[in-house]
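What follows is a set of notes on a single structure, which appears directly below.
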Amino acid sequence: MRALLWKEFRENIYKVATGLGVVLLLHILRQFEVFNRSFDNDINGWAPVIAGLSAGVLGMDAFAGERSRGTLEFLLVRPVSGARIVASKFIVGAVGLFVIVAAFWVVAYATPFALNLSPYGARSAVQTIAEVPWLAMVYAWFLPALVVYAVVFVASAATENSAEAAGAGCIIAVVALIFLVLVVQLYPGFLYQRTAILDLVSVVFSREGDLFRIATRGDEILRRTALAGGLVGAGLVAAWLLIGRFREITFDRRQLVVSGFILVTLAMTVPRLMPDDSERILPIGSLHVGDRVRDLALIGERAFLL
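Using my numbering, you'd call the opening residue of the sequence shown number -14 and step up by one each time.
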């Protein structure tokens, strides 16, 4: 196992170093007031870009790279179980992903936030981020990034090269999006329930009260951890099967292109075909704020309109 981990470390170190280099560049640029203000206004955009790209880059080459180089068969015939191969690849990539996400939030917290931020959301978002402990924020963002990494990791086990793995990962993401859209269309109240599924993904689109709750409350952290762990576990089993018993099953570029067009078409058309005459299910105690509906939540000594 140690030899496998060392092999994966050598093959992934340049990817992690590149991610850390980008984060270091952000830190240098944040020393300039103009860029620092722009970064703080868009911090909720920078975070998913850094985490998502890192997850994709680390996951797409796991098995597809071995196939394209012709080394996967050699690796599998060695006296090492497929489970150990999968585990070593996933562990090294997951650790690298955590390092990059943690480094990004070090940069976010290390430089003082700009004072003259846009009053339309950015200021309150930065104030909330400043109140969340660094480690809690890192973990809140690492969990959804880890799920994305697991998705691309599985896609890599069923494709011939890294580009196809990235495309397959995007297709899986579209399938998940279609599923969520259908759930919301069939049950509008789903968006107003604090489910582990929503909490896992809503950190990317989180309003301030949600972010504070997701990142700091112990029960919310446990629920998100359990859900992410279950998804990752399922992904590892799928990858193990795809490089073992179903090793001959792979998806080529033509299949991915056709599937992508079909799924994008479904994503654009299915929600518009669903009936929209059902009334929105509102939570008890909701408040009407303008034309939007917000839920009032009390967290500790703070009150948030979610």
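For every residue, glycine included, the Cβ atom is placed at its ideal position computed from N, Cα and C.
Proximity below 8 Å, CB of residue i to CB of residue j
i: Ile156; j: Leu241; result: yes
i: Ile292; j: Ile85; result: No statement about residue 292 is possible, as the shown extent of the chain runs from -14 to 291 and does not include it.
i: Lys74; j: Glu205; result: no
i: Asn(-3); j: Gly50; result: no
i: Ile234; j: Val71; result: no
i: Leu185; j: Leu128; result: yes
i: Trp119; j: Tyr94; result: yes
Secondary structure of residue i, DSSP reduced to three states
i: Phe246; result: helix
i: Phe236; result: strand
i: Thr210; result: helix
i: Thr3; result: helix
i: Thr254; result: helix
i: Thr144; result: strand
i: Gly218; result: helix
i: Arg22; result: helix
i: Arg(-13); result: helix
i: Gly154; result: helix
i: Arg(-5); result: helix
i: Thr96; result: coil
i: Phe17; result: coil
i: Phe231; result: coil
i: Pro118; result: coil
i: Ile266; result: Model confidence at Ile266 stands at a pLDDT of 49, short of 50, so the residue's coordinates are unreliable; what they give is reported in the following sentence. Coil at Ile266, not helix or strand.
Any chain D beta carbon closer than 8 Å to residue i
i: Val91; result: Considering every chain present, this structure includes no chain D. It has just one protein chain.
Cutoff 7 Å; reference residue i; Cβ partners in own chain excluding five residues on either side
i: Thr201; result: Val117 and Ala121
8 Å CB neighbourhood of residue i in its chain, flanking five on each side removed
i: Ser187; result: Asp195 and Ile199
i: Ile269; result: Low confidence applies to Ile269: its pLDDT is 48, below 50, so where it sits in the model is not reliable, and the reading given next is rough at best. Nothing meets the Cβ criterion.
i: Gly67; result: Leu61, Trp225, Ile228 and Gly229
i: Gly245; result: Gly152, Cys155, Ile156 and Val159
Host alpha helix (DSSP H) of residue i (start-end)
i: Leu66; result: The sequence as given places Ser at residue 66; Leu does not occur at that position. It is not in any alpha helix (DSSP H) - Ser66 carries neither H nor E in the DSSP assignment.
i: Arg52; result: Ala49 to Arg54
i: Gly30; result: Ile28 to Met45
i: Glu58; result: Leu57 to Val62
i: Val186; result: Ala181 to Ser187
Neighbourhood of residue i by C-beta distance below 6 Å, restricted to the same chain and skipping five residues each side
i: Val132; result: Ala213 and Leu216
i: Gly4; result: Ser39 and Ile85
i: Val8; result: Ala88, Phe89 and Val92
Is the number of C-beta pairs between the stretch 130 to 149 and the stretch 39 to 56 that are closer than 8 Å three or more? With a cut-off of 8 Å, the stretch 39 to 56 and the stretch 130 to 149 count as touching, because enough Cβ pairs lie within range.
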